[in-house]
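In terms of mature numbering (1 follows the signal peptide of the UniProt record, and there is no 0), the sequence shown is residues -19 to -1, 1 to 389.
One structure is given below, encoded as structure tokens.
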Amino acid sequence: MKKVLFGCFCFSAVMQLCAQSNETLVRKIADQIINETKLGFEGTENKQFYASSKDIPENTKVKYASPYTGWHYTHGVLNMAMINLGNYLNEPKYTNYAAQHVAFGFDNYKVFQQRFKNDVKHYTYPYGEFFTMDELDDFGAMSASIIEVYKTVKKPEYKEYLEKAAKHLTEERLRLEDGTFVRKFPYQNTLWADDLYMSVPFLARMGKLTGQNKYFDDAIKQVINFNKYLWDADREIYWHIWYSDLKRNGVAHWGRCNGWIMLAQIHLLDQLPQNHPKRKELIQLLERQIVGIARYQNAEGLWHQILDKNDSYTESSCTAMFVYGIAHAVNQGWIDKRYASIATTGWEGLKKHKINELGQLKDICVGTGIQDNLAFYYNRPVGLNEKHGTGPLLDAGVEILKLEKSGK
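In structure tokens form, the structure reads like this:
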């Protein structure tokens, strides 16, 4: 077992963190994210700050002023989590965070669209994802978050964007013959587990927003098909990928991709009509995953970067995702309340080992592609309050607060 040595100050900080109420901690986490967010741009060479894209001189290269500024699926995850938190606590500053982030994107993307319209590397400049929609990463989760913002901010440009994104998703994206979403890389028609989250939460919300069953039908088809291609019945967890050319899976049961699959199912069930004929089957698939995931939780309540490899590091984003998904399923009454202990144990593990005194989450795996060797997954770097983990952490915190309130 890995030994962790604490100095007196560090040990004291951990004890203070564990002693404070969960609501105080969740507010601290959210407030720290707000403190780290700076909407604007910074010159890559002159380091000058630009509050608006219109202030950036021609031929001046810029980057986002903070990691939380951009237009990436992780920002969509965080926006929805902030709205979730704000609604639960009746705290406008959290819901306003998401509204301001979306508004800033709409106010600034056109400058970059005009200046870089012939640049094919859309990820090399701000807001390239906004107007290219090259991958599901670029618009799926962000569109889902725009729907949440649109519930209170009825801007016509938001609706126009959503209609464009929905048309692109349902009519133009690359799919297998059975309709399953796939990518062109690293090989043609590669199925990524991540893409269930990049598509289903948006599809489900479009179904709710428009009342059109075609979106629900597509979302359900994705969940069932992803299970068909990626579920490992022996280990009872999911593979990261499936190669259609080789007709086989990859090599890794990556933690976060299993988290994305769980969250996608949660979002679908949240939006799906209560009397939908496929609802029972979807809950059964979710419960199957929860039982499988539970068998890989370690003694500290955490999950590993590679779920079935205990010598890989304990990873915070997947742990937060599983805490959220399991607690939410219990809170909604989809699964038996005895499963709640899995989530609460995971939350306590995060508090004790992964959240520092500022409310920042440690050991979040950075963005991860695909490789056919486990060493790639073992050696992925980690970040502090890295954008892939903070949204799921807030969602986990909200569900833990609901568990506390209900006494489950």
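Here a beta-carbon is modelled for each residue, glycine too, at the ideal position from N, C-alpha and C.
Note that the structure is predicted; figures quoted are calculated from it, not measured.
Proximal residues to residue i (C-beta, below 6 Å), its chain only, five neighbours per side dropped
| i | result |
| --- | --- |
| LYS304 | For the sequence presented, residue 304 should be read as Val rather than Lys. The residues are ALA324, GLY327, TRP328, ALA377. |
| TYR106 | PHE93, PHE97 |
| LEU117 | ASP176, MET179, SER180 |
| TYR359 | SER293 |
| ILE14 | THR371 |
| ILE313 | Reading the sequence as shown, one finds Gln at residue 313 and not Ile. Cβ neighbours of GLN313 beyond the five flanking positions: none. |
| VAL379 | ASN65, LEU66, TYR69 |
| CYS(-12) | Note that CYS(-12) has pLDDT 44, beneath the 50 cutoff, so the model's placement of it is unreliable and the number below is only indicative. Closer than 6 Å at Cβ, skipping near neighbours: no residue. |
Assumed close pair residue i, residue j - CB separation to whole angstroms, cut-off 8 Å
| i | j | result |
| --- | --- | --- |
| residue 458 | TYR224 | The requested residue 458 does not occur in the structure, where the chain is confined to residues -19 to 389. |
| ALA122 | GLY57 | 3 Å |
| LEU172 | ILE247 | Between ILE247 and LEU172 the Cβ distance is about 21 Å, and since that is not below 8 Å, they are no contact. |
| LYS368 | TYR49 | 6 Å |
| ASN230 | LEU211 | 7 Å |
| LEU250 | VAL7 | About 23 Å; that fails the 8 Å criterion. |
| VAL204 | ASN354 | Wrong, their Cβ atoms sit about 29 Å apart, outside the cutoff. |
| residue 393 | GLY340 | Residue 393 falls outside the range modelled here, since the chain spans only -19 to 389, and no answer is possible. |
Neighbourhood of residue i by C-beta, 8 Å cutoff - its chain only, sequence neighbours within 5 removed
| i | result |
| --- | --- |
| LEU143 | SER124, ILE127, ILE128, TYR131, MET187, LEU190 |
| LYS318 | VAL311, LYS389 |
| GLU23 | GLN29, PHE30, TYR31, VAL43, LYS44, TYR45, ALA46 |
| ARG361 | GLN286, CYS346, VAL347, THR349 |
| ARG156 | PHE162, VAL163 |
| ALA80 | VAL130, THR133, VAL134 |
Contact set for residue i: own chain, Cβ-Cβ below 7 Å, skip 5 residues either direction
| i | result |
| --- | --- |
| GLY370 | SER297, SER298, ALA301, LEU342, ILE345 |
| THR41 | GLY24 |
| ALA321 | ALA308, VAL311, LEU384, LYS389 |
| ASN208 | LEU266 |
| GLU17 | SER47, TYR49, ASN366 |
| HIS149 | MET114 |
Rounded straight-line distance, which links the Cα of residue j to that of residue i
| i | j | result |
| --- | --- | --- |
| ASN206 | LEU382 | 34 Å |
| TRP235 | GLU39 | 43 Å |
| ALA183 | ARG216 | Residue identity differs from the one stated: residue 183 is Phe in this sequence, not Ala. Taking the straight line from one Cα to the other gives about 30 Å. |
| GLY86 | HIS334 | 35 Å |
| GLN252 | PHE357 | 36 Å |
| LYS140 | VAL134 | 10 Å |
| LEU365 | HIS82 | 21 Å |
| ARG269 | ALA214 | 10 Å |
| LEU59 | TYR104 | 20 Å |
| TYR90 | SER34 | 8 Å |
| GLU153 | TRP284 | 37 Å |
| GLN278 | GLN1 | 25 Å |
| ASP159 | PRO254 | 24 Å |
| ILE37 | GLN95 | 13 Å |
| GLN352 | ALA280 | 29 Å |
| THR113 | LYS195 | 24 Å |
| GLU26 | GLY192 | 49 Å |
| VAL363 | THR295 | 10 Å |
| ASN71 | HIS257 | 31 Å |
| ASN170 | TYR108 | 26 Å |
| ALA174 | SER387 | 33 Å |
| LYS136 | ILE336 | 37 Å |
| GLY21 | LYS228 | 45 Å |
Beta carbon of residue i nearer than 8 Å to that of residue j
| i | j | result |
| --- | --- | --- |
| ASP199 | THR161 | no |
| GLY67 | THR76 | yes |
| LYS74 | ALA46 | no |
| TRP52 | GLU110 | yes |
| ALA62 | GLY372 | yes |
| TYR168 | ASP88 | no |
| LEU267 | ALA310 | yes |
| PHE197 | ALA185 | yes |
| LYS259 | ILE201 | yes |
| ALA84 | PHE120 | no |
| ASN3 | GLU338 | no |
Check: residue i C-beta below 7 Å from any heavy atom of the ligand MN
| i | result |
| --- | --- |
| PHE85 | Of ligands this structure carries none, so the ligand MN is not represented either. |
Exercise for review: Taking 8 Å as the threshold, find out whether the segment 251 to 266 comes into contact with the segment 275 to 294 through three or more Cβ pairs.
Suggested key: Verdict: no, contact absent.
Review point. Would you call the segment 238 to 249 and the segment 268 to 275 touching, i.e. three or more CB-CB distances under 8 Å?
Key: yes
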